[in-house]
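Quick notes on the structure that follows.
Residue numbers (UniProt numbering): 1 to 623.
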């Protein structure tokens with residue numbers, strides 16, 4: 001149930017919003033005159049209630065971050081008073097809206113009570129656009145919100161409004177947003193009428209709906225749009241410590257600009273030996289890869305914006321990203337290379353853009369660089385992508401050379417290998433991602449190998465048939481108890497080409513569109529393997545509104561040439577049988593001990609979605 005709920009947010013969320021979170025499919029309704037839907041002065045005794053379930057967070061802003069909010073509630077019903085029933089439901093969010101009809105003219109005081117955070121908004125008339133926040137529970141900067149017991153309206157001063165003048169015979173648009181995480185769930189609104197001494201929950205005699213779902217479909221859609229786009233209640237109360245995804249030239253450089261083959265520039269620099277001091281050839285003891293000094297992480301230029309907000313704590317709110325390479329250092333290396341290029345090729349190439357520079361330091365021997373630049377090729381009169389490794393020995397830091405055996409292959413096939421049991425919606429999500437990568441021209445030289453343990457929640461063969469990439473998907477069926485290491489090894493054994501790249505993957509992942517290009521650049525046959533760090537989204541946060549942290553202790557995503565995988569014999573099937581946990585660390589010991597260099601950095605736009613594990617069979621199999 002929880003898996004389907006999360007995937008609905010990811011897959012269905014695009015109905016009204018584009019990838020950047022902006023309104024899309026509803027745009028044709030922007031010409032609607034929302035004023036025609038005002039003046040609902042008849043009292044029908046109900047308020048509209050929209051509810052979202054399965055989304056984390058205590059505060060109203062958490063509801064605003066829900067990908068299906070505000071257009072796609074999972075529950076659509078009405079209330080016969082301004083209060084919900086008290087339940088034990090967890091991870092819910094409510095939007096209650098409609099009109100209040102004062103029975104007399106005078107000064108009214110409103111109050112709200114809820115678990116957890118809530119906001120009460122009231123318009124100065126029947127126009128929703130004139131709504132203003134008049135009371136709330138939970139300070140905006142407190143991500144843990146606040147909470148009261150049912151009907152407790154005076155725990156916090158913010159729960160009660162100032163006196164507000166209302167006129168009898170008029171309707172006033174009203175709205176409540178409420179977000180709850182655990183334990184008791186409730187929200188209720190009361191008012192104190194002129195001359196009264198106490199607050200009273202607003203009853204059916206004084207309320208009416210904004211939306212009538214027996215009306216024409218066009219009217220329902222128009223009304224929804226009027227309160228779901230450019231509406232005052234939708235603005236974040238507190239938008240600090242939030243990371244927004246931004247476009248980067250690296251994202252689609254591989255598909256946007258024609259590649260310059262290595263053969264065109266293989267004579268630019270002299271070759272030189274390349275054997276880092278931290279690369280070894282010996283059998284490592286358990287977890288030695290992590291206590292030894294075997295994993296060196298690169299410095300990056302330009303800033304790849306991988307420093308990510310992970311909390312509201314001003315003293316500890318950043319999950320730090322990749323190390324930065326100074327601009328002057330990057331420019332010096334690029335300048336040195338361009339001078340060497342000009343000596344061999346004359347004025348054929350002109351530098352247009354420095355897209356990416358990665359510097360990997362070995363204090364004992366030197367620094368290796370990956371240079372990625374957009375060049376103007378005058379002979380073709382168009383841009384080309386230069387993507388080359390160069391090396392600067394520590395003994396002669398003014399000279400660049402071509403590291404022997406360390407150049408990447410542009411057209412090598414990447415086989416993504418994944419194992420699954422009853423995670424149908426997530427495997428569908430993965431297949432949809434790969435289909436998009438293929439159909440939009442980001443990459444075509446890849447295959448997916450699915451090792452399935454008799455999943456009953458999806459027809460994988462039908463999924464493959466309808467995917468648009470059916471000739472790029474292989475399905476291996478196992479009818480035994482789940483055995484992760486054997487399954488992945490079987491998936492690799494299915495692949496016969498030793499000169500292809502294996503990339504073991506995981507579910508719950510959103511991959512960047514350049515994933516296969518990045519894997520090719522960092523898995524070098526006989527020299528290196530690649531294991532990118534994943535950005536784990538916190539519960540209640542999404543790609544468009546991020547709080548997350550870099551998972552630096554997990555190595556489940558692992559790319560290496562098939563020939564190298566075979567040389568260190570893949571995963572240990574004996575030590576890790578039907579239990580899992582630690583097999584990725586063991587794999588790192590094996591690969592590093594096989595004289596391979598570990599390529600490891602935080603890969604932008606590689607996300608891991610939060611998912612509940614309380615009743616998850618896979619979690620129960622953890623060691």
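Think of the CB as a built atom: it goes at the ideal place given N, C-alpha and C, for glycine as much as any other residue.
Computed from a predicted structure; not experimentally measured.
The bridge partners DSSP lists for residue 323 are 299. Shown here, residue 518 sits in a helix according to DSSP, grouped into three states.
Residue 173 and residue 124 have their C-alpha atoms some 8 angstroms from each other. Between residue 362 and residue 276, the CB-CB gap stays under 9 angstroms. Under the Cβ criterion (8 angstroms, minimum of three pairs), the stretch 42–61 counts as touching the stretch 77–95. Restricting attention to 437, 420, 439, the CA atom closest to the CA of residue 458 is found in 420. Every unbroken stretch of the alpha helix (DSSP H) spanning 4 or more residues and falling wholly within the stretch 476–524 is given here in chain order: 484–494, 515–522. By the criterion of a C-beta distance shorter than 6 angstroms, residue 427 is surrounded in its chain by 420, once the five residues flanking it on both sides are discounted. Scanning the stretch 547–572 from its first residue to its last, the whole beta strand (DSSP E) runs of 3-plus residues come out as 548–551, 558–561.
With contacts defined as CB atoms closer than 9 angstroms, residue 571 and residue 463 fail to qualify as a contacting pair. Take the alpha-carbon of residue 168 and the one of residue 108: they are about 11 angstroms apart.
When DSSP assignments are scanned along the stretch 395–473, the uninterrupted stretches of beta strand (DSSP E) that are 3 or more residues long and fall wholly within it turn out to be 414–420, 446–452. Taking a cut-off of 8 angstroms on C-beta distances, the stretch 211–220 does not touch the stretch 116–131, as fewer than three cross pairs fall below it. In this structure, the straight-line span from the alpha carbon of residue 295 to that of residue 257 is close to 32 angstroms.
Taking all protein chains shown into account, residue 178 has 16 or more neighbouring C-beta atoms within 10 Å of its C-beta and is therefore buried. Taking a C-beta distance under 9 angstroms as the contact criterion, residue 259 and residue 384 qualify as a contact pair. When the Cα atoms are used, residue 564 and residue 144 turn out to be separated by approximately 48 angstroms.
Boundaries for residue 112: no alpha helix (DSSP H) harbours it, while the beta strand (DSSP E) harbouring it runs 106–115, taken from the DSSP string. A contact between stretches requires three or more CB pairs, one per stretch, nearer than 8 angstroms, and the stretch 284–302 fails this requirement with the stretch 392–410. Excluding sequence positions up to five before and after residue 479, its CB lies within less than 6 angstroms of the CB of 454, all in the same chain and listed in chain order.
Runs of the beta strand (DSSP E) lying entirely within the stretch 341–384 and spanning at least 3 residues, in chain order: 349–362, 366–377.
Look at residue 145 here: in three-state DSSP terms it is coil, with no helix or strand label. Cβ neighbours of residue 151 within its own chain (closer than 7 angstroms, five residues either side excluded): 113, 188. With respect to residue 533, residue 551 sits close: the two C-beta atoms are nearer than 9 angstroms.
Per DSSP, the beta-bridge partners of residue 308 are 319. For residue 493, the closest alpha carbon among the candidates 64, 282, 569, 35 is that of 569. Around the beta carbon of residue 574, a 10 Å sphere encloses fewer than 16 other beta carbons of the protein chains shown; the residue is thus reported as exposed. In the three-state scheme derived from DSSP, where H, G and I count as helix and E and B as strand, residue 259 is classed as strand. Per DSSP, the unbroken alpha helix (DSSP H) holding residue 583 starts and ends at 583–593.
Residue 65 sits in a helix when the DSSP states are folded into three classes. Per the Cβ contact rule, the stretch 225–232 is not in contact with the stretch 525–545 (fewer than 3 Cβ pairs under 8 angstroms). The beta carbon of residue 567 is closer than 7 angstroms to those of 594 in its chain, skipping five residues each way along the sequence.
In the three-state scheme derived from DSSP, where H, G and I count as helix and E and B as strand, residue 542 is classed as coil. When DSSP reads this structure, residue 393 sits in a beta bridge with 366. Two segments are said to touch when three or more pairs of C-beta atoms, one from each, lie closer than 8 angstroms; by this definition the stretch 365–372 touches the stretch 386–400. A straight-line Cα-Cα distance of about 21 angstroms links residue 430 and residue 560.
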